[in-house]
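Structure record follows, encoded as structure tokens.
In the numbering used here, the protein residues as written are 983 to 1134.
Here's what the structure looks like:
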């Protein structure tokens, strides 16, 4: 990623916003129209910072996690959390029945989470709703085309 023109300035800015020396849980958003490099910046940050965390996840194309007609809001969030936790703790095909499991499994772990291409508030609610779900020093990066999602 170092060969991409201008990317280092964006990465330095993001590192500053993430306050890496802080033990607080920090969440930072990258928003803008499709194709401007949000994912590229998030991926470069992820690659650069991953070694500082106990567990990491780069969840690509969260927008592709569409609401299926047979699922209600609770079921949709459960499915997203299953996918999320399966990747974070490397336990494939995990089944969960309670939305509290993310907090239970991750609250004592320093994790780096990248949610790429989020387009619905329900996705954020299911995956990173509260900073207490994650251990001290965790960092969450969200990319989206909708800045209003980042303010919610």
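Glycine included, every Cβ here is placed at the ideal spot set by N, Cα and C.
Keep in mind the model is a prediction, meaning the values are calculated, not measured.
Distance from the Cα of residue 1102 is smallest, within the candidate group 1086, 1130, 1065, for 1130.
Shortest Cα-Cα distance from residue 1000 to any of 990, 1021, 1020, 1027 involves 1027. Cα atoms of residue 1019 and residue 1067: separation of roughly 27 Å, rounded to the nearest angstrom. Restricting attention to 1089, 1063, 1105, the CA atom closest to the CA of residue 1079 is found in 1063.
In the DSSP secondary-structure assignment, residue 1012 is bridged to 1125.
Exclusion of the five residues before and after residue 1110 leaves 1122 as the residues of its chain whose Cβ lies within less than 6 Å of its Cβ.
In the displayed model, residue 1035 falls within coil according to three-state DSSP, outside both helix and strand.
Residue 1084 and residue 1037 have their C-alpha atoms roughly 13 Å apart. When DSSP reads this structure, residue 1093 sits in a beta bridge with 1037. Pairing residue 1003 with residue 996, the inter-Cα distance amounts to about 13 Å. In this structure, 1120 is the residue among 1120, 1133, 1127 with its C-alpha nearest to the C-alpha of residue 1006. At a Cβ-Cβ threshold of 8 Å, residue 1093 and residue 1035 count as neighbours. Rounded to the nearest angstrom, the gap between the Cα atoms of residue 1015 and residue 988 is 18 Å.
Residue 1056 has its alpha-carbon roughly 23 Å from the corresponding atom of residue 1040. Taking the C-beta atoms as reference points, residue 1030 is found nearer than 8 Å to residue 993.
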